[in-house]
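So the sequences go chain by chain: A and B.
Per this note's numbering, the very first residue in the first sequence carries number 396; after that it's consecutive.
Per this note's numbering, the very first residue in the second sequence carries number 396; after that it's consecutive.
By construction, the Cβ of each residue, glycine as well, lies at the ideal position given by its N, Cα and C atoms.
2 protein chains.
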Amino acid sequence: MKALFLEEINGPIRLVNTETPQVSEGQVLVELRAAALNHRDVWIRKGQYAHLRFPFIPGSDGAGFMGNEPVVINPGIQWGENPMFQAQDFHILGMPTNGTFAQKVLVPADQIYPMPDHLSFEEAAAIPLSGVTAFRAVMTRGKVKYTDRVLITGIGGGVALWAMQFALATGAEVWVTSGSEEKIEKAKAMGATGGFSYRDPDWIDGARNTIAFDLVIDGAGGAGLGQIMKICSPGGRMVCYGGTTGSIPKLSPQLLFWKQLQLIGSTMGSPQDFKEMISFICDHRIVPVVDRVYPLEQGEEAYTRMEHGNQFGKIVLQIPE
Amino acid sequence: MKALFLEEINGPIRLVNTETPQVSEGQVLVELRAAALNHRDVWIRKGQYAHLRFPFIPGSDGAGFMGNEPVVINPGIQWGENPMFQAQDFHILGMPTNGTFAQKVLVPADQIYPMPDHLSFEEAAAIPLSGVTAFRAVMTRGKVKYTDRVLITGIGGGVALWAMQFALATGAEVWVTSGSEEKIEKAKAMGATGGFSYRDPDWIDGARNTIAFDLVIDGAGGAGLGQIMKICSPGGRMVCYGGTTGSIPKLSPQLLFWKQLQLIGSTMGSPQDFKEMISFICDHRIVPVVDRVYPLEQGEEAYTRMEHGNQFGKIVLQIPE
């Protein structure tokens, strides 16, 4: 079968012919038609993960056929018994095991879900990792309500866009932040009420007297998140699913307790989260935002686009039959 | 009536004879038999509150008679409609309005609760502000379960001791921290499983491989709370009801999201919290820890003991008939 191979840290993404994996008990072979990139794939190439092994086939997100049935794969494997947190041996498809940037992938049988029938393979491949991360952050952990005013930071990224779509589908009012006015405009075209440029150093002070947020969905952390507490409503929840800008350098306990705020960590999602997300996407006929589709052999170009961070939505690989 | 007066920032606490307040509609006059100090009283004397007015009678906690009925006062006034957070005009008895360090105090009628009949006035006066703060932190916000392993920092303070008593009464396993070995021993005598001296700079690294906490109840904030995240169980909750050691200088989003932690602010308590707390104290026949009882005229000595921080439990004032 054809697959993308990564042979070393910082190595190139090469298209190779490799052997089709052997199916053992409890596993199924999915014939992939589309896959999607995540930041995780870029970080793995840069060597920013423990327990790396080479060579391997990257990729966590994928959609294709299991027999004649269109399916989507839940890439979170061995979550464990407790819906509150993942077990010690939880891991994600695409490192250490071979992933979805290939014509076929081997996964445990219970990781397979019917593909929403209103979506193409390219759209369905945009769901798994970012979708379930956003679903858990917004719904399970953030407990969004239709009366909430929600702020989603860094719009354009996969998780942030899903978070916006889920929050909008519940009827909540959504605001966004971005470093790009163009991305803010795109978010507004999708239903966001407004947005703030985080490149403006005074945006929080400017917003402070006019607006307050019941729920914040943030993947950046850093100084920004400490500041955003100031524009939370009393009783507000801030869900943190990432920390791309690093540690929060100064967090005020006084602000936290006086406003009865909550800072809630959330990562990935349980099998229950995944199942509920698929249902929610079907019920609301949500169509994921696909930034660009590359043929499988242009994996390197897809990685480059992800690294540059200019995308708005998921970067998808189309996989030939 | 006799009352303690504070006439200026950093002024002395003086016993004076002053006029009995006039009762207006919707208010009741409580004949106090005991009152208790809170850190709030010390901070007010130091001028660390907004909207100070002088002279005034301090004191938030009190128990006494309303007519022939022994009562305890809920000092949190005008919480508002939402149990999640206090309204803008929420305030606490004892600034700006006159408080409980007096023979009589005027309070809105709905702030009065029957006194638990297993307690003396001195014990009941030890309940209100620290009790409801702990109850909300442990029960309403922290949602303690009997299977939880709980860490309570700074044992000896009023809120921390109540938190320990509430957590123990639910059947949870309780551990404590303190700067004093003697206080740790006293906590163990009350039912704590063990304790750590926060004066040992390596206590967290030492604890890290042997123990993990499902729930942390903390009133200190600062660098300590950022460190304590390391010894939280996956899915753990950290409830922050104070920030005596200042801002948290470095909070890791990665730790927060990977372990699915929650940092939850909590302050004071709603009328519902207060009501449930009184019932819980009665059901479990909990007796508050009283550090020392001073006659009303020794208010200055009581304040001094509070300022020095050597107390273990509440500092109470006995009020003459």
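Considering only residues of the same chain and omitting the five flanking positions on each side of residue i, which have a CB-CB separation below 6 Å?
i, result
"Pro-690 (chain B)", "Gln-713"
"Leu-524 (chain A)", "Asn-433, Ser-455, Asp-456 and Pro-470"
"Gly-489 (chain B)", "Pro-453, Gly-454 and Ser-455"
"Val-688 (chain A)", "Glu-517, Val-711 and Gln-713"
"Arg-536 (chain A)", "Val-634, Ile-659 and Ser-661"
"Ile-643 (chain A)", "Gly-616, Leu-620 and Gly-621"
"Arg-531 (chain A)", "Ser-661, Gly-664 and Asp-668"
"Asp-436 (chain B)", "Pro-453"
"Leu-424 (chain A)", "Val-418, Lys-499 and Leu-501"
"Tyr-698 (chain A)", "Ile-408"
Which residue marks the beginning of the alpha helix (DSSP H) containing residue i, and which one marks its end?
i, result
"Pro-648 (chain B)", "648–653"
"Trp-598 (chain A)", "598–603"
"Phe-707 (chain B)", "That residue, Phe-707 (chain B), is in no alpha helix (DSSP H); it is neither H nor E in DSSP."
"Phe-530 (chain B)", "523–530"
"Glu-414 (chain A)", "No alpha helix (DSSP H) contains Glu-414 (chain A), which DSSP labels as neither H nor E."
"Phe-516 (chain B)", "516–519"
Which residue comes first and which comes last in the beta strand (DSSP E) that contains residue i?
i, result
"Val-554 (chain A)", "Careful: Val-554 (chain A) lies outside any beta strand (DSSP E), inside the alpha helix (DSSP H) at 553–565."
"Leu-620 (chain A)", "Premise fails: Leu-620 (chain A) lies in the alpha helix (DSSP H), 617–623, not in any beta strand (DSSP E)."
"Thr-572 (chain A)", "568–573"
"Glu-464 (chain B)", "464–468"
Find the nearest neighbour of residue i within the set the options, judged by alpha-carbon distance.
i, options, result
"Gly-586 (chain B)", "B:Glu-476, B:Thr-413, B:Ala-519 and B:Leu-546", "B:Leu-546"
"Ser-647 (chain B)", "B:Tyr-508, B:Ala-497, B:Leu-620 and B:Gln-560", "B:Leu-620"
"Asp-686 (chain A)", "A:Leu-427, A:Leu-656, A:Glu-716 and A:Lys-581", "A:Lys-581"
"Pro-683 (chain B)", "B:Gly-462, B:Arg-536, B:Gln-417 and B:Gly-552", "B:Gly-552"
"Val-500 (chain B)", "B:Ser-642, B:Ala-697, B:Pro-715 and B:Ala-398", "B:Ala-398"
"Met-663 (chain B)", "A:Leu-651, A:Ser-661, A:Met-663 and A:Gly-664", "A:Leu-651"
"Phe-449 (chain A)", "A:Asn-477, A:Tyr-508 and A:Ile-404", "A:Ile-404"
"Met-461 (chain B)", "B:Leu-427, B:Gly-660 and B:Phe-530", "B:Leu-427"
"Lys-540 (chain B)", "B:Met-701, B:Ala-564 and B:Met-510", "B:Ala-564"
"Ile-550 (chain B)", "B:Glu-716, B:Phe-591, B:Gln-506 and B:Met-701", "B:Phe-591"
"Ile-522 (chain B)", "B:Ala-431, B:Glu-568, B:Gln-657 and B:Arg-544", "B:Ala-431"
"Asn-412 (chain A)", "A:Ser-573, A:Met-396 and A:Glu-402", "A:Met-396"
"Ile-673 (chain A)", "A:Arg-440, A:Val-466 and A:Gly-442", "A:Val-466"
"Trp-474 (chain A)", "A:Ala-497, A:Gln-506, A:Val-611 and A:Val-437", "A:Gln-506"
"Ala-497 (chain A)", "A:Ala-429, A:Tyr-698 and A:Val-527", "A:Ala-429"
"Met-534 (chain A)", "A:Ala-567, A:Leu-410 and A:His-513", "A:Ala-567"
"Ser-575 (chain A)", "A:Arg-594, A:Ala-562, A:Gln-693 and A:Thr-495", "A:Arg-594"
"Gly-442 (chain A)", "A:Leu-401, A:Leu-514, A:Ser-573 and A:Tyr-508", "A:Leu-401"
"Gly-704 (chain A)", "A:Asp-597, A:Gly-601, A:Ile-681 and A:Ser-573", "A:Ser-573"
"Leu-410 (chain A)", "A:Phe-451, A:Glu-420 and A:Leu-447", "A:Phe-451"
Got a sec? Which residues, its chain only, sit under 7 Å from residue i by beta carbon, not counting five neighbours each side?
i, result
"Glu-695 (chain B)", "Pro-407 and Ile-408"
"Pro-629 (chain A)", "Lys-654 and Gln-655"
"Trp-578 (chain B)", "Here residue 578 (chain B) turns out to be Lys, not Trp, going by the sequence shown. Within the same chain, Lys-578 (chain B) has close Cβ partners Ile-550, Gly-551 and Phe-707."
"Met-510 (chain A)", "Ala-458, Pro-465, Val-466, Val-467 and Ala-519"
"Ala-482 (chain B)", "Gln-473, Trp-474 and Gly-475"
"Ala-529 (chain A)", "Val-554, Trp-557, Ala-558 and Phe-561"
Opposite residue i in the DSSP bridges: which residues?
i, result
"Ile-673 (chain B)", "Ile-673 (chain B) is not bridged to any residue."
"Phe-496 (chain B)", "Looking at the DSSP assignment, Phe-496 (chain B) forms no beta bridge with any residue, so it has no partner."
"Arg-409 (chain B)", "B:Phe-400"
"Pro-503 (chain A)", "A:Gln-422"
"Ile-659 (chain A)", "A:Val-634 and B:Gln-657"
"Pro-690 (chain A)", "A:Gln-713"
"Asp-456 (chain B)", "B:Ala-431"
"Leu-546 (chain A)", "A:Trp-570 and A:Val-611"
"His-486 (chain B)", "B:Ile-472"
"Ser-592 (chain A)", "A:Ser-573"
"Met-461 (chain B)", "B:Glu-464"
"Pro-509 (chain A)", "A:Val-466"
"Ile-643 (chain A)", "B:Leu-646"
"Phe-480 (chain B)", "Partner(s): none; Phe-480 (chain B) has no beta bridge."
"Gly-685 (chain A)", "Note on identity: in this sequence residue 685 (chain A) is Val, with Gly being the wrong assignment. A:Lys-709, per the DSSP bridge assignment."
Can you list, in chain order, the residues of its chain whose CB lies under 8 Å from that of residue i, leaving out five sequence neighbours each side?
i, result
"Ala-445 (chain B)", "none"
"Gln-422 (chain A)", "Leu-501, Val-502, Pro-503 and Ala-504"
"Lys-625 (chain B)", "Ile-599, Arg-603 and Leu-650"
"Trp-438 (chain A)", "Tyr-444"
"Trp-570 (chain A)", "Arg-544, Val-545, Leu-546, Ile-547, Ala-587, Thr-588, Gly-589, Gly-590, Phe-591, Ile-606 and Phe-608"
### Message
Count Cβ pairs between the region 698–713 of chain B and the region 545–560 of chain B that sit closer than 8 Å; are there 3 or more?
### Response
By the Cβ rule, the region 698–713 of chain B counts as touching the region 545–560 of chain B, because three or more pairs are nearer than 8 Å.
### Message
Could you check whether the region 677–691 of chain B touches the region 663–675 of chain A, counting it as contact only if at least three pairs of C-beta atoms, one from each stretch, sit closer than 8 Å?
### Response
At 8 Å Cβ cutoff, the stretches do not touch.
### Query
So, do the region 611–618 of chain A and the region 628–644 of chain A have three or more beta carbon pairs nearer to each other than 8 Å?
They touch, by the three-pair rule.
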